[in-house]
Every structure is written in C-alpha cells, then in structure tokens.
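Novice:
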Amino acid sequence: MATNGYEGVLKMIEELTTNAGQIQDEVLREILSRNAGTEYLRGFLHGQTEKQLFKKNVPIVTSGTSGGQPKMTPVTSQVTKNCELFRGFYESPVIKHFGDINQAGKRMELMFARPEIETPSGLKAASVSTSIYKESKFRTILPKLYTSPIETIFCPDPNHGLYCQLLFGLIQRDEVVTIGSLFASTVLRGIKFLENHWQELCYDIKTGRLSDWITDSGCRNAASLVMKPNPEQADLIENICNCKSWEGIIRKLWPKARYIGCICTGVMRQYIAELEFYCRGLPLVSAFYACSEAICGINLEPLCKPYDVSYTFLPNMAYFEFLPVENDHDESIDMKKNDEDTELVDLVNVKAGQCYELVVTTCAGLYRYKVGDVLMVSGFYNNAPQFQFVERKNVILSVDQEKTSETDLSKAVTEAKALLDPLGFILTEYTSYVDTSSAPGHYVLFWEIKGKEGKHCKELDPKIMVECCSRMEESLHYTYKIYRKRNIIAALEIRVVKQGSFEALMDYYVSKGTSLSQYKKPSCIKSEEALKILDSRVIGKYFSPKSPL
Ligand code: AMP
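Each residue of the sequence shown is one higher than the one before, counting from 988 in the working numbering.
#1: Which stretch, first to last residue, makes up the beta strand (DSSP E) that contains P1311?
#2: If contact is defined by three or more beta carbon pairs under 8 Å, each pair taking one atom from either stretch, is the segment 1394 to 1411 in contact with the segment 1449 to 1458?
#3: Please determine whether the Cβ atom of S1273 lies at a distance below 7 Å from any heavy atom of the ligand AMP.
#4: Evaluate the contact criterion for the segment 1148 to 1162 versus the segment 1237 to 1247: three or more CB pairs, one atom per stretch, below 8 Å.
#5: Using a threshold of 7 Å, is the CB atom of K1507 nearer than that to any non-hydrogen atom of the ligand AMP?
#6: CB of C1278 to nearest heavy atom of the ligand AMP: below 7 Å?
#7: Measuring CB to CB, does P1532 end up less than 8 Å from V1453?
#8: Quick one: Cα of K1323 to Cα of E1344, how far?
#9: Report the option in P1372, S1211 and V1081 whose CA atom is closest to the CA atom of C1291.
#10: Under the three-state reduction of DSSP, which class applies to L1396: helix, strand or coil?
#11: To the nearest angstrom, how far is the alpha carbon of Q1056 from that of E1389?
#12: Is there at least one non-hydrogen atom of the ligand AMP closer than 7 Å to the beta-carbon of F1374?
#13: Considering just the uninterrupted stretch of the alpha helix (DSSP H) at V1066, what are its terminal residues?
#14: Per DSSP, S1419 forms a beta bridge with which residues?
#15: Could you round the C-beta distance between I1166 and I1259 to whole angstroms and report it? I think they count as a contact, below 8 Å.
#16: Of the residues L1040, S1273, S1365 and A1305, which one's Cα is nearest the Cα of G1352?
#17: Measuring from the CB of I1250, is there a heavy atom of the ligand AMP at a distance below 7 Å?
#18: Flag D1295 as yes when its Cβ comes closer than 7 Å to any non-hydrogen atom of the ligand AMP, and as no otherwise.
#19: Which class does T1361 belong to by DSSP, given the choice of helix, strand or coil?
#20: Leaving out five residues on either side along the sequence, give the residues of the same chain with a beta carbon under 8 Å from the beta carbon of N1370.
#21: For the beta strand (DSSP E) containing E1378, list its first residue and its last residue.
#22: Give the DSSP bridge partners of A1112, in chain order.
#23: S1118 by DSSP, collapsed to three states: which one?
#24: Rounded to the nearest angstrom, what separates T1194 and P1218 at their Cα positions?
#25: When burial is assigned at 16 or more other CB atoms within 10 Å of the CB, is W1526 buried or exposed?
#26: Can you determine whether any heavy atom of the ligand AMP sits closer than 7 Å to the C-beta of Y1298, and answer yes or no?
#27: To test your reading of the DSSP string, which unbroken alpha helix (DSSP H) runs of 4 or more residues are found completely within the segment 1126 to 1160?
#28: Return yes when at least one heavy atom of the ligand AMP lies under 7 Å from the C-beta of V1115, else no.
#29: Which same chain residues, not among the five before or five after S1020, have their C-beta less than 8 Å away from its C-beta?
#30: Touch check for the segment 1115 to 1131 and the segment 1182 to 1192: three-plus C-beta pairs under 8 Å?
#31: Nearest by alpha-carbon distance to S1365: which of V1386, V1358 and D1295 is it?
#32: Does the distance from the CB of V1312 to the CB of C1342 come in under 8 Å?
#33: Count the CB pairs spanning the segment 1144 to 1156 and the segment 1085 to 1098 that are closer than 8 Å, and state whether there are at least three.
#34: For Q1011 versus F1307, is the C-beta spacing smaller than 8 Å?
#35: Going by C-alpha distance, which of A1221, G1075, K1083 and E1490 is nearest L1521?
#36: Excluding the 5 residues preceding and the 5 following H1464 in the sequence, name in chain order all residues of the same chain whose CB lies nearer than 8 Å to its CB.
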C-alpha cells in the first residue's frame, strides 16, 4: 500500500471499524467455505460452513511463543498479503501524526533474520520477521527507507549484524527520522551495545574501515560500498558519546529523529522508563499488536503515553473470539470453569472493562487457537473494540494454590524499585522463578541494577535491598500474603545479578533458535539452563525479613 495514500488508508480503517461485525462474519464464512473440506474441519463440521455449527463443534486449542519456545504456524500467500496490508494500516496513523517519514528520511531499525529451516515434509520454516525481510517488496524499499543494508539483517551472527546496523545508522545519522525495532528490548540492547562499542565505531567511521572482527563477507561488502574516512563525523559522535550521562543520547546522536518505534506494551512495559531516559522527550510509539498466529490491531493514537496504549482490532485480519477471564485471586481458591464450559464472545460483543483471552481463526488454517494473551477492552472505535494488553496467560508464579500473574509481579516490582530511584539507581531488568529446592518454596527475583552517573551497584546499601524484598511482598496479592503468614511460602528473595546478565540470557535464547527481533524475555524462568546463566552472575542475595501481614 503506498504510504503517501495514508488518508485513503485512514478512510478504509473508518469503514472497517464501522462494519466490524459484518466483516467478521464474512471473514469466517470465507475461511470455512475454503477449508471445510480439510481433514481437521471435516471431523467437526462434516463439510458444513455455518457459523453456529463452527461455534458449537470446533474445539479451542492452545498456542503461544513467549518464554523462548519457538512454535511453527503456517503461512500462505494470503497471510503475506495481509502482512503487506497491515503495514499500511499501522503506519497511516503514525504518518498522520509525525508527517511522511518515508519522504523525510530514513529509518534506523534494528532487524535480525534467522536462518530458515526445513520441516520433515520439506516445507520452509522461518520467523515471521524473517519472512518479511525476505519479501522482494521489502528488499526493494530497504535501501531508500532504511539505513541497514540487507546483508546486515541476514548476517548469521547477530552481534556482527548489530554492530554494522549501528555503524550504518551512525554514518547516516543526519538522515535518520525514526529509530526502532519490533520490541523495546531490542532497542535497548542496541543502546547498550553502543555503550560498549562507540569508541570502536568512531574509529571505523574516522578511518573508513570496518573492524577486523566483523568477518561476515556480506557485511564487509556492504560496508566497503558506503564507508569512507569521515573524521569530522567521528569526532562529533565521539564528543556526544563521551559525556558522563547518556540521558537523551538518542536525540543527540540522531537529531532529526521524530519518534522511537517499538512495542512497549505487555512484557515490554518494564523497559519504558529506561528507554525514556535515553530518548528524553522523543515519543515512544507502539504501533501495533500482532502475533505469529494472526495480525490483530493497530494503535490509532501514536502519541498516547506508552503505558496507556490501546490497540483497535481490524476485523478483516482474522476471525477473533474472546474467552472471558475472571480475576483469579479473590480470597478463595478460584473455582474457574473449564474453557469448554465458557462461551466465546464475538469481536463486536465484548464488554468494556472486561478481560478476555484472545482466540483466533485464520485463513492459514488455525481454528479457535488460543494465542495465550489476556487483553482488556478499553473502549470502542466505531464498532471495533480497543484493547489494552494485560498479560501473557500462564506466566505465573505459584508455590501452592496462589497464582501470581505477570501483572501482579510487575506491580510489586514497580512498588519496590521506587525505593531505588531516589538513591540514584535504576532497575533495568528483572525476571523471576519459583525456587522449590527447599521447603517451603519461595519466589526469587533476579534484578539487574544500574547506577546513574557512574555509580556502581556495589554501592547499594544492603538494607535497601532487604526493604525492596519487603515492599514486593507487601505489594503482592492477598492470597500470597496469607500463605506467607502461614509459612506455606518462604521469604521472597532478590538476587542482584551483574551488568550484562540479561544480555547473556538473551544470547542463550537466541542460540536456541529464538529470533533476536522477536525475543521477549520471559517474566518467569522455566529452563534450567537459563536459570544457571543468571545464577552464575549473582552478586548479592537478599531476603524479606518478615511476613507482610
Ligand atoms: P510472536 O509470535 O513471536 O510474534 O509473538 C507474539 C506475542 O508477542 C503476542 O502473542 C504477545 O504476547 C506479544 N506481543 C505482540 N505484540 C504486542 C503488543 N503490541 N503489546 C504487547 N505484547 C505484544
């Protein structure tokens, strides 16, 4: 879709959202009439295509990719077409607010393809982002619209690729109008990498020669076409990077940047404060909500504060249903019904304020597939609901009958880390796990802490860390506190890990096949190996001194 026709696309969005109910019925009718003869659907529908029969007979099934577990989902030519359409949809509101970035300059977007693999039946499999980078359309627009050459995106070693993408972004810094990546964590990864490599990058820019450790021939060729000695630019960058505080560094390095484009909702919420520190005043834009299983919604208000973003669902992208979700830590142990007993709600019938688990049926052959995301209806745009991302389902800590969700954890961490801020320390990363190696089990939080203005986290008073443990416990839900009082759960522990531990965690998941572009740090560690990575980097352990009640 031509981006200069953004007004036309906005009009289409008006039509789609106005006729959401009717379009959803058409989407389902189309999927069923095309696929009713498949072996899977025949078993439930016996060749019929009625919506009511579909709703009555087709079971709800499960999926989800968070936690570093790659899953395979089918891709058809229709899926590719939808992806192309989607780009126009989510970019139009952005262009409306920030001007036509495609005409104004280039995007420095950190992008990483993963090698394709072949399934036993001979089909090619790749991450969604990789398939997008492989499309000929993308390759055609890349040199004009982006600073990264294709070779740096497909570079087999993500660190070589990242170094080169930062280098190309710096060389073209006066043209850069937006900076971003799919997820906020990758942007931060880029900034941290820059913190460790800016001197070397400046040297390369000064001499016009790419560092010898970048051995990838594609990257070297791409660099040789563009690089020439530029000592003035290198000096400018060096002066900017050499300053004591990196607050607002993005604005200084890329003065024409209009916004940072990356998803900052859901698990990525925890990175907002740190990103805001580096980009001081540049808006953070979470433009869309999508998953490998289906494309879902767009942010119609890109200037909205990152904590308040809602996504308006596009009814033409898939058939969406919603499984109502109860708030499950009321005082008693929850008596939730099975999914089979709960009726799924259609897109246009969801209720404001209610939380739902997303279930998708797609043109690629997923039927009533639970994506694993919990969303809350924040309002409607015309007849299409708008959702805030609440949490990944199943990302919970539980020692006994209590259930702690990602949101509970994030709230408690937010309360506790507030104790660090006035002392000049920032919590940059966290994750959790349940340690049941001794009885009773207890919650463990891994925290990576950074000191502002050259402070080292070793200077942190242990008393404050103990207080953080207490504050976390006080901020957790009622059931947790009751169980703590009865000693069903032992004292919460914070393990402070050294700088770079979470990067090592990311490297581990990437080495296991997770795409760097799509990496989402697990809120709760389930793998032994991942746990070892963090445990081997612990520099301090602190426990809550008393029960919170
Ligand atoms: P993947 O299948 O690797 O593309 O990851 C999709 C998952 O990423 C979704 O199911 C969500 O859990 C998460 N995700 C994608 N977009 C957003 C968003 N805008 N806000 C919060 N989480 C998101």
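Cβ atoms here follow ideal geometry from the backbone N, Cα and C, with glycine treated the same way.
Specialist: Per the coordinate set shown:
#1: The residue you call residue 1311 lines up with position 324 of the sequence shown. Per DSSP, P1311 belongs to the beta strand (DSSP E) from Y1306 to P1311.
#2: yes
#3: Within the sequence shown, the letter at position 286 stands for residue 1273. Result yes, Cβ under 7 Å from the ligand AMP.
#4: yes
#5: Walking along the sequence shown from the start, residue 1507 turns up at place 520. Checking the Cβ of K1507 against the ligand AMP gives yes.
#6: Taking the sequence shown and counting its residues from 1, one reaches residue 1278 at position 291. Yes.
#7: Stepping through the sequence shown from its first residue, residue 1532 is reached at position 545. Stepping through the sequence shown from its first residue, residue 1453 is reached at position 466. Yes, these two residues count as a Cβ contact at 8 Å.
#8: The count along the sequence shown starts at 1 and reaches residue 1323 at position 336. The count along the sequence shown starts at 1 and reaches residue 1344 at position 357. The pLDDT assigned to K1323 is 43, lower than 50, so where the model puts this residue is not dependable, and the model offers no usable value.
#9: For the purposes of this step, residue 1291 is taken as the residue at position 304 of the sequence shown. With distances taken between Cα atoms, C1291 lies closest to V1081.
#10: Stepping through the sequence shown from its first residue, residue 1396 is reached at position 409. Helix at L1396.
#11: Indexing the sequence shown from 1 puts residue 1056 at position 69. Indexing the sequence shown from 1 puts residue 1389 at position 402. Summary for Q1056: the model assigns pLDDT 45, below 50, so the residue's position carries little reliability, and this model does not support an answer.
#12: Translated into positions along the sequence shown, residue 1374 becomes position 387. Outside the cutoff, so no.
#13: Numbered from 1 along the sequence shown, position 79 holds the residue referred to as residue 1066. Its alpha helix (DSSP H) spans residues S1064 to F1085.
#14: Position 432 of the sequence shown, counted from the start, is the residue given in the question as residue 1419. S1419 pairs with L1432 and C1511.
#15: Locating residue 1166 in the sequence shown gives position 179, counting from the first residue. Locating residue 1259 in the sequence shown gives position 272, counting from the first residue. Actually they do not touch by this definition, with Cβ atoms about 15 Å apart.
#16: Your numbering for residue 1352 matches position 365 in the sequence shown. Of L1040, S1273, S1365 and A1305, the residue nearest in Cα terms is A1305.
#17: The residue given as residue 1250 occupies position 263 in the sequence shown. For the ligand AMP, at least one heavy atom lies less than 7 Å from the Cβ of I1250.
#18: Locating residue 1295 in the sequence shown gives position 308, where the first residue counts as 1. Answer for D1295: no, Cβ out of range of the ligand AMP.
#19: Taking the sequence shown and counting its residues from 1, the one referred to as residue 1361 is at position 374. Thr is not the amino acid found at residue 1361; the sequence shown has Val there. Looking at V1361 - three-state DSSP - the assignment turns out to be strand.
#20: The residue given as residue 1370 occupies position 383 in the sequence shown. The residues are T1004, T1005, N1006, A1007, G1008 and V1335.
#21: Your numbering for residue 1378 matches position 391 in the sequence shown. First-last of the beta strand (DSSP E) with E1378: A1371 to R1379.
#22: Counting from one through the sequence shown, the residue named residue 1112 turns up at place 125. BP columns for A1112 point to I1104.
#23: Counting from one through the sequence shown, the residue named residue 1118 turns up at place 131. If DSSP states are grouped into helix, strand and coil, S1118 belongs with the helices.
#24: Here residue 1194 refers to the residue found at position 207 when the sequence shown is read from its first residue. Here residue 1218 refers to the residue found at position 231 when the sequence shown is read from its first residue. About 7 Å.
#25: For the purposes of this step, residue 1526 is identified with residue 539 of the sequence shown, where counting begins at 1. Looking at the sequence shown, residue 1526 is not Trp but Ile. It counts as exposed.
#26: Along the sequence shown, one-based indexing puts residue 1298 at 311. For the ligand AMP, at least one heavy atom lies less than 7 Å from the Cβ of Y1298.
#27: 1137 to 1140 and 1145 to 1158
#28: Start at 1 with the first residue of the sequence shown, and residue 1115 comes out as number 128. Answer for V1115: yes, Cβ within range of the ligand AMP.
#29: For the purposes of this step, residue 1020 is taken as the residue at position 33 of the sequence shown. Excluding residues within five positions, the ones whose Cβ falls inside 8 Å are T1036.
#30: no
#31: The residue you call residue 1365 lines up with position 378 of the sequence shown. Out of V1386, V1358 and D1295, D1295 has the C-alpha closest to the C-alpha of S1365.
#32: On the sequence shown, position 325 is the one that residue 1312 refers to. On the sequence shown, position 355 is the one that residue 1342 refers to. For V1312 and C1342, yes; Cβs fall inside 8 Å.
#33: yes
#34: Here the question's residue 1011 lines up with position 24 in the sequence shown. Here the question's residue 1307 lines up with position 320 in the sequence shown. Closer than 8 Å, so yes.
#35: By 1-based counting over the sequence shown, the position of residue 1521 is 534. With distances taken between Cα atoms, L1521 lies closest to E1490.
#36: Residue 1464 sits at position 477 when you count from the first residue of the sequence shown. Closer than 8 Å at the Cβ level, and outside the excluded window around H1464, lie H1316, E1389, T1391 and D1395.
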